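To start, the structure itself, in structure tokens.
There are 2 protein chains.
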Amino acid sequence: MKKQQAIIGGAERAFEAEGFRGIGVDKILAQSGASTRTLYKHFGSRDGLVVEVLKHRHLAFMALLRETDPSDPVGQLFDIQRRWTDDHINSGCMFLRAHGEYAAVNAEITAVVHDHKQQFETEIGRRVEIALGSPDADLAMQISLLFEGATALLSLRGPITLETAKEAAALLGRARLEHRP
Amino acid sequence: MKKQQAIIGGAERAFEAEGFRGIGVDKILAQSGASTRTLYKHFGSRDGLVVEVLKHRHLAFMALLRETDPSDPVGQLFDIQRRWTDDHINSGCMFLRAHGEYAAVNAEITAVVHDHKQQFETEIGRRVEIALGSPDADLAMQISLLFEGATALLSLRGPITLETAKEAAALLGRARLEHRP
DNA sequence: TGACATGTAAAACGATCGCTTTACATCAAC
DNA sequence: GTTGATGTAAAGCGATCGTTTTACATGTCA
Chain E
2 MKKQQAIIGG AERAFEAEGF RGIGVDKILA QSGASTRTLY KHFGSRDGLV VEVLKHRHLA
62 FMALLRETDP SDPVGQLFDI QRRWTDDHIN SGCMFLRAHG EYAAVNAEIT AVVHDHKQQF
122 ETEIGRRVEI ALGSPDADLA MQISLLFEGA TALLSLRGPI TLETAKEAAA LLGRARLEHR
182 P
Chain H
2 MKKQQAIIGG AERAFEAEGF RGIGVDKILA QSGASTRTLY KHFGSRDGLV VEVLKHRHLA
62 FMALLRETDP SDPVGQLFDI QRRWTDDHIN SGCMFLRAHG EYAAVNAEIT AVVHDHKQQF
122 ETEIGRRVEI ALGSPDADLA MQISLLFEGA TALLSLRGPI TLETAKEAAA LLGRARLEHR
182 P
């Protein structure tokens, strides 16, 4: 049980640093010191490990979103991502990167990515509703786009992308309130 | 000369569909009917081909941006991307995907990605200046984030991401004009 | 006509890939 | 005190990888 989590954690780091397909199982396992035997006992295959890494990542990220700051539920999204970023090598959204490399060959990975993005966008919608007093799917998607854009450019431009996106989200929210008071 | 372009075009399609590292040279070449000999004569290595595909993509994209619609230079960005999307399998920005898979092992690929993004953001800044009458780096980055976000989510959500991003960009531009008339 | 660049076809290189297997060590639980 | 789950170490599997090589067919241009 402990090794299983260690392998996942090591693989997460390895995939962040080297990409999903640019690294072999030996190198992945070197991060946790586990043997190949243990990997295949727990995950069945390399692709199975990728799936579990994404699921683990999803749960960890969603746990961070559990608490909602009632004063600024939308802006808080970008602060959370900022904190997350400080603890990880950043190379864009791990789910979208996995999607790009596995969509053509592994349906389960694709499904995990879709699930994650859908749940995340649902969470954004929930926060928009709290901030506005009523649902607003358009604004929610706008904020989703800002979030994804900031995450995508994070590794090239640094944390300023998140600050800029947070400002833009606030501006768009204010524009909504003015036109629909 | 003709085969060289054919190989690049085929590789571009292959990378879009299967990811950068999820496909071997044989499959890449099957798209253009060329032999491995020809590939290595022209590009030296598989990585060399990746570099040339990205450079070709960069030039093609920048060529589309050459003409600027003077009535709506910023909104036109999203229309151009929309048209581009219709002709290609979309799986997120090809440059950022390449960056994710090669950043750790190939400096030349990383450099090409940086160059592309910098030139693209310069172009956005140019268009913002036309629209506003004066430069505005903040607004330019906001629009850049919307563009990247829309591109990243395109394969999951479809072209509506580009329409939403275009609307948001227009809103943010208007907000700027009101607060700095 | 001859030289040269450009191309294909196909076999083979060593390296690495994902994965399996054999053999053995802990260690907690009933 | 035996059992069963969990682990390591290490050799080896066939397949595939990127790459090189040999042999031969074009078409172009001096």
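Protein chains in written order, with this note's numbering: chain E, 2 to 182; chain H, 2 to 182.
C-beta atoms are modelled at their ideal positions from N, C-alpha and C, and glycine is treated no differently.
Quantities reported herein were computed from a predicted structural model and do not represent experimental measurements.
The alpha helix (DSSP H) enclosing residue i, as first and last residue numbers
| i | result |
| --- | --- |
| H/Ile144 | Ala138 to Arg158 |
| E/Ala35 | E/Ala35 -> no alpha helix (DSSP H), and no H or E assigned at all. |
| H/Ile161 | Ile161 to His180 |
Interface partners of residue i on chain E, CB under 8 Å
| i | result |
| --- | --- |
| H/Val106 | Glu19 and Gly23 |
| H/Gly49 | Going along chain E, no residue has its Cβ under 8 Å from H/Gly49, so there is no contact; the nearest lies around 16 Å. |
For residue i, three-class secondary structure by DSSP
| i | result |
| --- | --- |
| H/Gly101 | helix |
| E/Asp69 | Reading off the sequence shown, one finds Thr at residue 69 of chain E, where the question assumed Asp. Note: E/Thr69 maps to coil in three-state DSSP. |
| H/Val51 | helix |
| H/Val106 | coil |
| H/Arg127 | helix |
| E/Phe21 | coil |
| H/Gly11 | helix |
| E/His89 | coil |
| E/Gly76 | helix |
Listed by chain order, chain H residues near residue i by CB distance under 9 Å
| i | result |
| --- | --- |
| E/Arg98 | Gly93, Leu97, Arg98, Gly101 and Glu102 |
Interface residues of chain H facing residue i [CB-CB closer than 7 Å]
| i | result |
| --- | --- |
| E/Leu172 | Leu173 and Ala176 |
C-beta atoms of residue i and residue j nearer than 7 Å
| i | j | result |
| --- | --- | --- |
| E/Asp48 | E/Asn107 | yes |
| H/Glu53 | H/Ile9 | yes |
| H/Arg98 | H/Leu163 | no |
| E/Gly23 | H/Gly93 | no |
| H/Ala169 | E/Gln120 | no |
| E/Val129 | E/Asp137 | yes |
| E/Gln32 | E/Arg58 | no |
| E/Arg177 | E/Leu154 | no |
| E/Ile161 | E/Ser145 | no |
| E/Ala112 | H/Glu19 | no |
| E/Ala132 | E/Val75 | yes |
| H/Ala7 | H/Ile29 | no |
| E/Phe62 | E/Ala166 | no |
| H/Leu147 | E/Gly150 | yes |
| H/Ile90 | H/Glu17 | yes |
| H/Lys56 | H/Ala35 | no |
Near the ligand NAD: residue i beta-carbon under 6 Å from a heavy atom
| i | result |
| --- | --- |
| H/Asn91 | Summarising the ligand content, the structure contains no ligands, and the ligand NAD is consequently not present. |
Closer than 8 Å between beta carbons: that is the criterion. Which residues of the region 136 to 150 of chain E meet it against chain H? Asp139, Met142, Gln143, Ser145, Leu146, Leu147, Phe148, Glu149 and Gly150
Which residues, taken in chain order from the region 114 to 128 of chain E, show a beta carbon closer than 8 Å to some beta carbon of chain H? Val114, His115 and Lys118
Scan the region 153 to 173 of chain H for residues whose Cβ lies nearer than 9 Å to a Cβ of chain E and list them as they occur along the chain. Ala153, Leu154, Ser156, Leu157, Arg158, Ile161, Thr162, Thr165, Ala166, Glu168, Ala169, Leu172 and Leu173
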